[in-house]
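Going letter by letter, the sequence shown gives residues 1 to 211 in full-length UniProt numbering. Note that CB positions come from ideal geometry on N, CA and C, so glycine has one too.
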Amino acid sequence: MEVFHHDLNLAYTTGQLLCDDSMNLRYLDYAVIEQQMSMTGASMFWLDALHDCKLDQSLPLPFDRFRLSNEHRTSRGTSVSFDFSHDLSHGFLIHASANKMSLEHLIFAVYFIFLFKLTNGQTDLCLTMNINNNRYRSELKSIIGLFENVIPLRCQLESHWCFHRLLKHVQEITTNSMKYSYFPLQRILDQHPHISKYAFFGYISWIYTTQ
Numbered sequence: 001m002e003v004f005h006h007d008l009n010l011a012y013t014t015g016q017l018l019c020d021d022s023m024n025l026r027y028l029d030y031a032v033i034e035q036q037m038s039m040t041g042a043s044m045f046w047l048d049a050l051h052d053c054k055l056d057q058s059l060p061l062p063f064d065r066f067r068l069s070n071e072h073r074t075s076r077g078t079s080v081s082f083d084f085s086h087d088l089s090h091g092f093l094i095h096a097s098a099n100k101m102s103l104e105h106l107i108f109a110v111y112f113i114f115l116f117k118l119t120n121g122q123t124d125l126c127l128t129m130n131i132n133n134n135r136y137r138s139e140l141k142s143i144i145g146l147f148e149n150v151i152p153l154r155c156q157l158e159s160h161w162c163f164h165r166l167l168k169h170v171q172e173i174t175t176n177s178m179k180y181s182y183f184p185l186q187r188i189l190d191q192h193p194h195i196s197k198y199a200f201f202g203y204i205s206w207i208y209t210t211q
């Protein structure tokens with residue numbers, strides 16, 4: 001949306017939209033290049049990252065109402081927002097800065113701890129991460145197009161880890177997953193043909209931006 005606003009403002013301000021299709025990379029060019037680029041490295045990464053992961057098993061969360069296996073799903077979603085206090089928000093920023101990590105990594109680490117406690121010690125956790133700005137090359141920053149993707153984020157923690165150790169692990173798995181976030185979700189799922197329903201879709205749809 002920011003790219004669209006920039007181009008629209010430029011058109012209104014100057015009366016013209018600077019665009020040289022002969023020199024600039026277009027979204028169509030990107031789509032063709034992506035189809036032709038080698039996916040071997042990304043395929044091997046995701047196959048290894050989800051090896052032995054029980055993708056079809058739901059976490060034992062303390063629900064008061066369980067979804068039936070044959071229950072019809074509308075595919076509709078909802079969002080819930082809440083505000084942190086000023087002191088807590090400031091504490092998050094200070095801790096992230098002190099550990100030289102992004103705020104997103106810190107929040108993921110806290111969420112994994114939350115799931116660990118809710119599940120009474122589940123150490124293999126997998127959730128979804130929405131990539132809403134998958135512009136992994138500088139040439140793509142100014143192009144309007146569909147760059148979204150959804151990828152799984154798997155955290156295999158140890159119950160004896162300190163919080164700092166978990167932070168480093170989350171930072172590592174998130175960074176590595178982002179490197180291969182261009183690999184289409186459907187191709188990740190196709191690597192596990194024996195699974196018909198993926199449980200990790202039900203745990204979080206996190207908005208992660210690389211900006």
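>> By alpha-carbon positions, which one of 115, 51, 106, 35 ends up nearest to residue 62?
In response: Taking the sequence shown and counting its residues from 1, one reaches residue 62 at position 62. With distances taken between Cα atoms, residue 62 lies closest to 115.
>> Please report the straight-line C-alpha distance between residue 44 and residue 176, rounded to a whole angstrom.
In response: By one-based count along the sequence shown, residue 44 stands at place 44. By one-based count along the sequence shown, residue 176 stands at place 176. Computed Cα separation, rounded: 13 Å.
> Whose C-alpha, out of 126, 76, 109, is nearest the C-alpha of residue 57?
Replying inline: Looking up residue 57 in the sequence shown gives position 57. Nearest of 126, 76, 109 to residue 57, Cα basis: 126.
>> Going residue by residue through the segment 50–134, where are the continuous beta strand (DSSP E) segments of at least 3 residues, counting only ones entirely within it?
In response: List check, beta strand (DSSP E) in window: 124–131.
> residue 151 by DSSP, collapsed to three states: which one?
Replying inline: Residue 151 sits at position 151 when you count from the first residue of the sequence shown. Strand.
> Would you report the Cα separation of residue 197 and residue 15, rounded to the nearest angstrom?
Replying inline: Within the sequence shown, the letter at position 197 stands for residue 197. Within the sequence shown, the letter at position 15 stands for residue 15. One C-alpha to the other measures close to 52 Å.
>> What residue range does the alpha helix (DSSP H) around residue 196 cover?
In response: Looking up residue 196 in the sequence shown gives position 196. That residue, residue 196, is in no alpha helix (DSSP H); it is neither H nor E in DSSP.
>> Does residue 78 pass the burial test, meaning 16 or more other C-beta atoms within 10 Å, or should it be called exposed?
In response: On the sequence shown, position 78 is the one that residue 78 refers to. Residue 78 should be labelled exposed.
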